[in-house]
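K.L.:
Per this note's numbering, numbering of the sequence shown is gapless, rising by one per residue and ending at 537.
Below: one structure in structure tokens.
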Amino acid sequence: MADNKSSVSLKSSITIALVVVSMISLVFSVFSTTYYTEKKNDEEAVRFIKSISEVIAFNSEIPLAFDQQAGIDEFLFTLQNIKSISNIHIYRKNDLTDKVEFFTSYNQKSFPLVAPQIDRIEALSLPTFTDNYLEFTQKIKDSISNENIGYVYVRMYKKSFEENIKELLQYNVLMALIIGLVAYSISQYIRSRVLTPINRFVHEIQELTFNKHFNSKVTSPGLSELQPLSDSVNAMLLKITKQIKQFEDAESEIKELNSNLEGKVVSRTQALRDSNQELLDALEQVHQYQSQVIQSEKMASLGQMVAGVAHEVNTPIGLGVTASTMLSDKIDEIQDALDNQSLSAKKLKSFLVDGKENTQIIFRNLNRAADLISSFKQVAVDQSADSERSVQLKSFVDEVLLSLMPTIKKSHHTINVHCDAELEIKTKPGPINQVIINMIMNSYIHAFDGIEAGIIDIEISFRNGLCHMCFQDNGKGIEEKIKQKIFDPFVTTRRGEGGSGLGLHLVYNLVTQALGGSISVESELGKGARFNLSFPATYVKGGRDD
């Protein structure tokens, strides 16, 4: 149903239209007439002041020439019936000094006196409107020599002309009221003539719809403009009748279909449940496979580290074995010399020197092997441990890099660690260990592919209760389409080349779940990449920014 608030009354529209159009036309006429009249009054005032100035100048010529002030005053007094003239000044030009001097004046009783206007005589040579006055100066010339002997200054009150405009405006306002009443009366007649058949037509339609007599027809409203509407309503009623018949037929068909629909719904619901269960099982298998792959990735990382450490440990142990073998041979030689009673002081001294050198070699290499094994042991424990402990971050990172040395020393890349040597926090070292390894290997495998000597900067700081780690490289950068989903599982740029696409996904899970922190990436193709990590930790001691 249409909103009655938005409907428009035809009665009001007709009345308003006629009255508004009439009033607008009248207002335009009043203003245009008033403007034209005012303009004409100004032109008439200019003509009048010029004419009266010429008359005064003509009659002032002889009295001014013979210095007869009384004659001029008598003539000016005759102008008192011209109420619009407020002030008249007569000025005389001194023949000796050639200066203009005030001679006499006339002032209308109801107007104030005006000071001499000697300084404005030239400026008022054209009629000038000033406030409610019109001012003008006219030269007084000698009729014989045509020389200028003085000036007439006339000041005329403009309001006397404007009274005619006020009377015209009052007349126009009265006419506006009369025309408005006439327009309203005409609108009432037109409204009655037009709306009566319309109201009858509307009432008939309302009665048909209320009683649902859709098979009936409405009568013609009697207005030719409404005849198409009447025909359309009758056509619509016919369509409604046919539509109702179709609805009744469809309703009976629907009732028949509903009796068979319940069985179909039950069978399809069961099929949908079976499909949903299959999807849930498949999703569970995917999660299990993902967990297995992540675990395999962890073990592969640990295996790589074990192989590397074994290789590193093998070198000092091999040197120790070689030195011990040489020492054993020297001992056998000394023993033989002793048994043969051929041992000399020189041989004994040489044996002692060689023996000391070999024992030092054995000692140094055994210490080196012990350091490697200790570092590997700590890293291996940290990788598998989920408990918190105090960690001196600089030493911790150095130990992780030492465990990676067999892998990373084969390249010419550089790793710079920027961290306060005294910074110590309490956190889970295992996830941090795996994060560092994966971030470094990610740069080595992906960022430095095809780059001879790259640089990785690791920045670590603690502020506002958070440990911040930044891994930045100067590698190839990351494409935008890869960067948007870089932490998703199975996303890799080395598909088919051994890349699983789980390295950064594992890092994301370790940072967000194991450490309860956040990770983000910034990169442009060809400008390297920057990974920003932050996670909550307990401050113990050392450098901090907050």
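We put the CB at the ideal spot given by N, CA and C, even for glycine.
(1) Under 9 Å between C-beta atoms, does residue 345 make it to chain C?
(2) For residue 146, which option in 96, 191, 137, 135 has the closest C-alpha, if you only look at C-alpha atoms?
(3) Where does residue 528 fall in DSSP's three states?
(4) Hey, out of 22, 103, 93, whose CA is closest to residue 110's CA?
(5) I think residue 142 touches residue 82, with their Cβ atoms under 8 Å apart; what is that distance to the nearest whole Å?
(6) Spatial neighbours of residue 375 within its chain, please: CB distance less than 8 Å, with the 5 preceding and 5 following residues excluded, ordered by chain position.
(7) Could you name the residues of the same chain whose beta carbon sits closer than 6 Å to that of residue 469, not counting the 5 residues immediately before and after it, in chain order?
(8) For residue 389, report the span of its beta strand (DSSP E) as first-last.
(9) Label residue 219 either buried or exposed according to how many other C-beta atoms from any shown protein chain fall within 10 Å of its C-beta, with 16 as the threshold for buried.
(10) To which residues of the same chain is residue 108 closer than 6 Å at the C-beta, ignoring the five residues directly before and after it?
(11) Determine, using beta carbons only, whether residue 79 and residue 112 come nearer to each other than 9 Å.
(12) Would residue 193 be called buried (16 or more neighbouring beta carbons within 10 Å of its own) or exposed?
(13) In angstroms with no decimal places, state the Cα-to-Cα distance between residue 471 and residue 533.
(14) Check this for me: beta carbons of residue 353 and residue 309, under 9 Å apart or not?
(15) Determine the direct distance from the alpha carbon of residue 398 to that of residue 444, and round the result to whole angstroms.
(16) With DSSP collapsed to three states, give me the class of residue 416.
(17) Work out the CA separation of residue 248 and residue 195 for me, nearest whole Å.
(18) Assign residue 466 to one of three DSSP states: helix, strand, or coil.
(19) Can you have a look at residue 256 and say buried or exposed, based on whether 16 or more other CB atoms are within 10 angstroms of its CB?
(20) Within the segment 410 to 458, note down every full alpha helix (DSSP H) run reaching 4 residues or more, in order along the chain.
(21) Below 8 Å, how does it come out for the segment 51 to 63 and the segment 116 to 124: are there three or more Cβ pairs, yes or no?
(22) Among residues of its own chain, excluding the 5 on either side of residue -7, which ones have a beta-carbon nearer than 8 Å to its beta-carbon?
(23) What's the C-alpha gap between residue 372 and residue 394?
(24) Evaluate residue 425 with the Cβ neighbour count: other Cβ atoms within 10 Å of its Cβ, from every protein chain shown; 16 or more gives buried, anything less gives exposed.
(25) Pick helix, strand or coil for residue 116, following the three-state DSSP scheme.
(26) Cutting at 8 Å between CB atoms, please list the residues of its own chain near residue 410, excluding the five before and the five after it.
(27) Bridge partners of residue 522, per DSSP?
(28) Can you say whether residue 430 is buried or exposed, counting buried as having 16 or more other CB atoms within 10 angstroms of its CB?
(29) In terms of residues, what are the limits of the alpha helix (DSSP H) holding residue 94?
(30) Give the DSSP-derived three-state secondary structure of residue 592 in the structure shown.
(31) Using 9 Å as the threshold, is the C-beta distance between residue 17 and residue 163 below it?
(32) Candidates 235, 226, 63, 36: which alpha carbon is nearest residue 75's?
(33) In this structure, does DSSP put residue 128 in helix, strand or coil?
(34) Quickly, what does DSSP pair residue 408 with across the bridge? List them, please.
(35) Are three or more beta carbon pairs between the segment 262 to 278 and the segment 319 to 330 nearer than 8 Å?
(36) Give the single residue among 402, 401, 419, 349 whose Cα lies nearest to the Cα of residue 378.
P.N.:
Working from what's here:
(1) This model lacks chain C altogether, as it is built from one protein chain only.
(2) The count along the sequence shown starts at 1 and reaches residue 146 at position 155. With distances taken between Cα atoms, residue 146 lies closest to 96.
(3) In the sequence shown, counting from the first residue as 1, residue 528 sits at position 537. Here residue 528 sits in coil by DSSP.
(4) Numbered from 1 along the sequence shown, position 119 holds the residue referred to as residue 110. Checked all of 22, 103, 93; the closest Cα to residue 110 is 93.
(5) Taking the sequence shown and counting its residues from 1, the one referred to as residue 142 is at position 151. Taking the sequence shown and counting its residues from 1, the one referred to as residue 82 is at position 91. The pair is a contact, with the Cβ atoms about 4 Å apart (cut-off 8 Å).
(6) Position 384 of the sequence shown, counting from 1, holds the residue named residue 375. Its pLDDT being 49, under 50, residue 375 is placed unreliably in this model, and the value from its coordinates should be taken loosely. Excluding positions up to five away in sequence, the list reads 421.
(7) Position 478 of the sequence shown, counting from 1, holds the residue named residue 469. If we look at residue 469 and ignore the five residues flanking it on each side, its Cβ neighbours are 514, 520.
(8) Here residue 389 is taken as the residue at index 398 of the sequence shown, counted from 1. Counting along the chain, residue 389 falls outside any beta strand (DSSP E), though it belongs to the alpha helix (DSSP H) covering 384 to 399.
(9) Position 228 of the sequence shown, counted from the start, is the residue given in the question as residue 219. The C-beta of residue 219 has fewer than 16 other C-beta atoms within 10 Å across all chains shown, which makes the residue exposed.
(10) Here residue 108 refers to the residue found at position 117 of the sequence shown. Around residue 108: 144.
(11) In the sequence shown, the residue the question calls residue 79 occupies position 88. In the sequence shown, the residue the question calls residue 112 occupies position 121. Result no, Cβ atoms of residue 79 and residue 112 do not sit closer than 9 Å.
(12) Reading the sequence shown from its first residue, position 202 is the one you call residue 193. Residue 193 comes out exposed.
(13) Taking the sequence shown and counting its residues from 1, the one referred to as residue 471 is at position 480. Taking the sequence shown and counting its residues from 1, the one referred to as residue 533 is at position 542. Their backbone Cα atoms lie some 39 Å apart in a straight line.
(14) In the sequence shown, the residue the question calls residue 353 occupies position 362. In the sequence shown, the residue the question calls residue 309 occupies position 318. Taking 9 Å as the Cβ cut-off, residue 353 and residue 309 do not qualify as a contacting pair.
(15) Within the sequence shown, residue 444 is the residue found at index 453, counting from 1. Within the sequence shown, residue 398 is the residue found at index 407, counting from 1. Using only the alpha carbons, I get a separation of about 15 Å.
(16) On the sequence shown, position 425 is the one that residue 416 refers to. DSSP places residue 416 in the strand class (E or B) of the three-state scheme.
(17) The sequence position of residue 195 within the sequence shown is 204, counting from 1. The sequence position of residue 248 within the sequence shown is 257, counting from 1. Approximately 40 Å, taken between the alpha carbons.
(18) Taking the sequence shown and counting its residues from 1, one reaches residue 466 at position 475. Here residue 466 sits in coil by DSSP.
(19) Counting from one through the sequence shown, the residue named residue 256 turns up at place 265. It counts as exposed.
(20) Runs of alpha helix (DSSP H) with 4 or more residues, each lying fully within the segment 410 to 458, are found at 420 to 433, listed in chain order.
(21) Here the segment 51 to 63 does not lie against the segment 116 to 124, with fewer than 3 beta-carbon pairs under 8 Å apart.
(22) Position 2 of the sequence shown, counted from the start, is the residue given in the question as residue -7. Low confidence applies here, because residue -7 scores a pLDDT of 47, under 50, leaving its location unreliable and the question unanswered by this model.
(23) Along the sequence shown, read from residue 1 onward, the residue named residue 372 stands at position 381. Along the sequence shown, read from residue 1 onward, the residue named residue 394 stands at position 403. Note that residue 372 has pLDDT 48, beneath the 50 cutoff, so the model's placement of it is unreliable and no number is given.
(24) Sequence index remark: in the sequence shown, residue 425 carries index 434 (1-based). By the 10 Å Cβ count, residue 425 comes out buried.
(25) Numbered from its first residue, the sequence shown carries residue 116 at position 125. Looking at residue 116 - three-state DSSP - the assignment turns out to be helix.
(26) Counting from 1 along the sequence shown, the entry for residue 410 is found at position 419. Around residue 410, the same chain offers 384, 385, 388, 449, 450, 451, 452 as residues with beta carbons nearer than 8 Å, after the five sequence neighbours per side are excluded.
(27) By 1-based counting over the sequence shown, the position of residue 522 is 531. Per DSSP, 462, 512.
(28) Residue mapping note: residue 430 aligns to position 439 of the sequence shown, counting from 1. Residue 430 comes out buried.
(29) Within the sequence shown, the letter at position 103 stands for residue 94. Where residue 94 is concerned, there is no enclosing alpha helix (DSSP H), although the beta strand (DSSP E) it sits in stretches over 91 to 98.
(30) Since the first residue shown for the chain is -8 and the last is 537, residue 592 is missing from the structure and cannot be characterised.
(31) By 1-based counting over the sequence shown, the position of residue 17 is 26. By 1-based counting over the sequence shown, the position of residue 163 is 172. Annotated as proximal: residue 17 and residue 163, with beta-carbon spacing under 9 Å.
(32) By one-based count along the sequence shown, residue 75 stands at place 84. Its Cα nearest to that of residue 75, the residue 36 stands out among 235, 226, 63, 36.
(33) Translated into the one-based positions of the sequence shown, residue 128 becomes position 137. Reduced to three states, the DSSP call for residue 128 is strand.
(34) Translated into positions along the sequence shown, residue 408 becomes position 417. In DSSP, residue 408 forms a bridge with 449.
(35) The segment 262 to 278 makes no contact with the segment 319 to 330: fewer than 3 CB pairs, one atom from each, lie closer than 8 Å.
(36) Counting from one through the sequence shown, the residue named residue 378 turns up at place 387. Per the C-alpha coordinates, the member of 402, 401, 419, 349 positioned closest to residue 378 is 419.
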